[in-house]
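S.K.: Going by our numbering, the sequence shown opens with residue 71, and the numbers climb by one from there.
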Amino acid sequence: MSLVVEDCAAPVGGDNDFKNDRSPFAIFFAEYFPPYLGSDRRIFDLACAIPDWRTEFAVTPPLRVLGGRQEDALHDYFQRHFIDGVIDEDNGGIHGHYLLLTRFLMTAWEKLPMPLAYALTLPYLILRAASYLKERRPDLVVVAHPSYLCGVVALIAAKITGIPTLLDYPDAWTPLAVETSGISPSGPTSQVLGTIEKLTARSADRIVSITHGLAGYIRALGARAPIDVVPNGADAKRFNFEATGPARGDFGLPENRPIVLYSGRLEAWSGVHELIEMVQMVAELFRKSAVVSAFLQQYRGATQESAAETGVGENVAFLGFQPFSVMPRVIASVDIAIVPFPHTPTTEFCSPVKLFEYVLMHKPIVTTKLPGIYESVDERHVVFVEDFTARSFADSVVLLLNNSVLCNNLVTAAYDHCKHKFCYENLAFEFSQSMKSTVTVGARDEPSLRREKSSAQ
71 MSLVVEDCAA
81 PVGGDNDFKN
91 DRSPFAIFFA
101 EYFPPYLGSD
111 RRIFDLACAI
121 PDWRTEFAVT
131 PPLRVLGGRQ
141 EDALHDYFQR
151 HFIDGVIDED
161 NGGIHGHYLL
171 LTRFLMTAWE
181 KLPMPLAYAL
191 TLPYLILRAA
201 SYLKERRPDL
211 VVVAHPSYLC
221 GVVALIAAKI
231 TGIPTLLDYP
241 DAWTPLAVET
251 SGISPSGPTS
261 QVLGTIEKLT
271 ARSADRIVSI
281 THGLAGYIRA
291 LGARAPIDVV
301 PNGADAKRFN
311 FEATGPARGD
321 FGLPENRPIV
331 LYSGRLEAWS
341 GVHELIEMVQ
351 MVAELFRKSA
361 VVSAFLQQYR
371 GATQESAAET
381 GVGENVAFLG
391 FQPFSVMPRV
401 IASVDIAIVP
411 FPHTPTTEFC
421 SPVKLFEYVL
431 MHKPIVTTKL
441 PGIYESVDER
451 HVVFVEDFTA
461 RSFADSVVLL
471 LNNSVLCNNL
481 VTAAYDHCKH
491 KFCYENLAFE
501 FSQSMKSTVT
511 VGARDEPSLR
521 REKSSAQ
């Protein structure tokens, strides 16, 4: 599997060539360019669609790869830019500049303990980033996330060069790191990571959160900057159900069986065992065979063995990583989409990008009733399950498979609710207002576009 570097078509309004050279200029710091996962896709699509700004990306090495957690889909990307040294590349009408490490530092990550390699890498990247900012002289630095390498580097480099900073906050960062890495939530590593996140949140001049619940989490970290809420969304031009037909044959999916889609990581923390059990229950309850398709699998082999052991192997199709460009056709090929997040310190605040992609593609959705998701949609738009269990999701999937009227009512209401409110063209305008407020003198005293205590609906 490999990350396909493709020319990601920019959403409406996203071509820098059409923007006046006198427009304000922002540099976005990120770990992936072109985007890789949901939070990267969010900031890229916002940057493409932001009106009246010239934008480009500065890209640091992904910490997960430096730390030895490189999945197959990231190999070619990391090799191209951080080993072979392709330091400048355009994508979707936006320029990206990659901040490389020296051979000594790359060796340090291979040979030395991670904390020591991190301590050596951080000042080097800060100096590289500060030098680049002095050369490019942007009006604003946008930090894509409060990550322990990219976020820290961007914020310190911007402080050194006197450039205001806007921090985009897509997740509760330390709980996310704890859940995905499997470290102890109360251990010393978690405490250090939490301290870094607190300092990062407190250093930004302004912050954008994806949900009101997450804004409360950020405020609890001690952040005193204004916090605006600009939710996740999707590109309505790319995810166009009227212009995209099913293509089951292209993905090896059966033509005559209902298909339920799960898109995401297949790991213990994401509920993979419950998913396999759910497949078995759906097959028994529906009296027909249902297929759960899964993408971006880090531990595919173990999951396939689990499916075989439970006797539902023929009801599961493993598609592996799929490039973003084909996702509209994948979604168009299924009958139902599920968002089976368990209740955790991370997911309580989340509002996944894929939820809005499913909505725009007119697919009925079963999702856990998480506070962050409930800020955007309600019972008129999706089928909510209070807790993520195999039985509760299986019952809800079968309910939809047996009730086409309910499916039609849900997808119509969800689409009408989301097509404008959560499309990137409108969200980018909101994000640009936060950008303008950040560079305005006295921005800390200005009213926000969507402040923490305002209503989400």
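Glycine included, each C-beta is placed from N, C-alpha and C at the ideal position. Values in this document were obtained by computation on a predicted structure and should not be read as measured data.
Can you tell me where the beta strand (DSSP E) with L408 in it begins and where it stops?
M.R.: For the sequence presented, residue 408 should be read as Ile rather than Leu. Start and end: 406-409.
S.K.: Quick one: complete beta strand (DSSP E) runs, 3+ long, within the stretch 179-223?
M.R.: As far as the stretch 179-223 is concerned, its whole beta strand (DSSP E) runs of at least 3 residues are 210-213.
S.K.: Tell whether a beta-carbon distance below 8 Å holds between A271 and D238.
M.R.: No.
S.K.: If you pair each beta-carbon of the stretch 299-315 with each one of the stretch 478-498, do three or more pairs fall below 8 Å?
M.R.: As far as the Cβ criterion goes, the stretch 299-315 touches the stretch 478-498, which means the pair count is three or higher.
S.K.: Which stretch, first to last residue, makes up the alpha helix (DSSP H) that contains R272?
M.R.: 258-273 is the extent of the alpha helix (DSSP H) around R272.
S.K.: With respect to the beta strand (DSSP E) encompassing T438, which residues constitute its N-terminal and C-terminal limits?
M.R.: Its beta strand (DSSP E) spans residues 435-438.
S.K.: Which residue marks the beginning of the alpha helix (DSSP H) containing S352, and which one marks its end?
M.R.: The amino acid occupying residue 352 in the given sequence is Val; Ser does not appear at that position. From DSSP, the alpha helix (DSSP H) with V352 extends over 342-356.
S.K.: Which value, in whole angstroms, describes the spacing of the CA atoms of T130 and L331?
M.R.: Each residue's alpha carbon lies about 33 Å from the other.
S.K.: Using CA coordinates, which residue listed in V404, T482, E325, A96 is at the minimum distance from R207?
M.R.: Of V404, T482, E325, A96, the residue nearest in Cα terms is A96.
S.K.: For the pair the stretch 434-450 and the stretch 475-489, tell me if three or more CB-CB distances fall below 8 Å.
M.R.: With a cut-off of 8 Å, the stretch 475-489 and the stretch 434-450 count as touching, because enough Cβ pairs lie within range.
S.K.: Which residues in the same chain have their Cβ closer than 7 Å to the Cβ of H490, if we skip the five residues on either side of it in sequence?
M.R.: These residues qualify, in order along the chain: N496.
S.K.: Considering only the beta carbon of each residue, do P255 and T281 sit closer than 8 Å?
M.R.: No, Cβ-Cβ distance for P255 and T281 is not below 8 Å.
S.K.: For the ligand MN, any of its heavy atoms closer than 7 Å to the Cβ of S504?
M.R.: Here there are no bound small molecules, and the ligand MN is not part of this structure.
S.K.: Taking C-alpha atoms, which residue in K181, F419, A317, L171 lies nearest to I401?
M.R.: The shortest Cα separation from I401 among K181, F419, A317, L171 belongs to A317.
S.K.: When DSSP builds the beta bridges, which residues end up paired with F98?
M.R.: DSSP output for F98 lists F127, V212 as bridge partner(s).
S.K.: Whole angstroms is fine: what's the gap from A384's alpha carbon to T191's?
M.R.: Residue 384 is actually Glu in this sequence, not Ala. Rounded to the nearest angstrom, the two C-alpha atoms are 47 Å apart.
S.K.: Could I get the ranges of all uninterrupted alpha helix (DSSP H) runs contained in the stretch 420-471, with 4 residues as the minimum, in chain order?
M.R.: 423-430, 441-444, 460-471, all fully within the stretch 420-471.
S.K.: Does the distance from the CB of R450 to the CB of A483 come in under 8 Å?
M.R.: In this structure, A483 lies closer than 8 Å to R450 by Cβ.
S.K.: By how many angstroms is the C-alpha of E354 removed from the C-alpha of I277?
M.R.: Approximately 48 Å, taken between the alpha carbons.
S.K.: How would you write the range of the beta strand (DSSP E) that L237 sits in, first residue to last?
M.R.: Its beta strand (DSSP E) spans residues 235-239.
S.K.: What is the DSSP secondary structure of G334, reduced to helix, strand or coil?
M.R.: Looking at G334 - three-state DSSP - the assignment turns out to be coil, as it is neither helix nor strand.
S.K.: Using the three-state DSSP reduction, which class does A161 fall into: helix, strand or coil?
M.R.: Reading off the sequence, residue 161 comes out as Asn, not Ala. It is a strand residue.
S.K.: Does the beta-carbon distance from L416 to P240 come in below 8 Å?
M.R.: Note that residue 416 is Thr in the sequence shown here, rather than Leu. No.
S.K.: Within its chain, find whatever has a CB closer than 7 Å to the CB of I113; leave out the 5 residues flanking it on each side and keep chain order.
M.R.: For I113, where only same-chain residues beyond five positions count, the Cβ hits under 7 Å are F98, A100, A214, D238.
S.K.: DSSP on S474, reduced to helix/strand/coil?
M.R.: DSSP places S474 in helix when its eight states are reduced to three.
S.K.: So, A128 versus L169, is the Cβ gap smaller than 8 Å?
M.R.: Result yes, Cβ atoms of A128 and L169 sit closer than 8 Å.
S.K.: Would you check if the distance between the CB atom of I196 and the CB atom of A228 is smaller than 8 Å?
M.R.: Contact: no.
S.K.: Take A200 as the anchor and find which of A178, I230, C220 has the nearest alpha-carbon.
M.R.: Of the listed residues, the one whose Cα sits closest to A200 is I230.
S.K.: Measure the beta-carbon distance from H165 to D158 and round it to whole angstroms, keeping in mind my assumption that it falls under 8 Å.
M.R.: Confirmed, Cβ separation roughly 7 Å.
S.K.: Measure from the alpha carbon of L471 to the alpha carbon of each residue in L236, I329, Q261, then state which is nearest.
M.R.: Here the closest residue by C-alpha is I329.
S.K.: Just mark G283 as buried or exposed, buried being the case when its beta carbon has 16 or more other beta carbons within 10 Å.
M.R.: Under this definition G283 is a buried residue.
S.K.: A285 bridges to which residues according to DSSP?
M.R.: For A285, which the question treats as bridged, DSSP gives no partner whatsoever.
S.K.: Rounding to the nearest angstrom, what Cα-Cα distance links D448 and Q261 in this structure?
M.R.: Approximately 36 Å, taken between the alpha carbons.
S.K.: Can you round the beta-carbon distance between L116 and Y218 to whole angstroms, since I take them to be within the 8 Å contact cut?
M.R.: Not quite, the Cβ-Cβ distance comes to about 22 Å (not below 8 Å), so this is no contact.
S.K.: Using 8 Å as the threshold, is the C-beta distance between V455 and S462 below it?
M.R.: Going by C-beta atoms, V455 is nearer than 8 Å to S462.
S.K.: Going by the beta-carbon positions, is the gap between I266 and S279 smaller than 8 Å?
M.R.: Cβ distance not < 8 Å, so I266 and S279 don't count as in contact.
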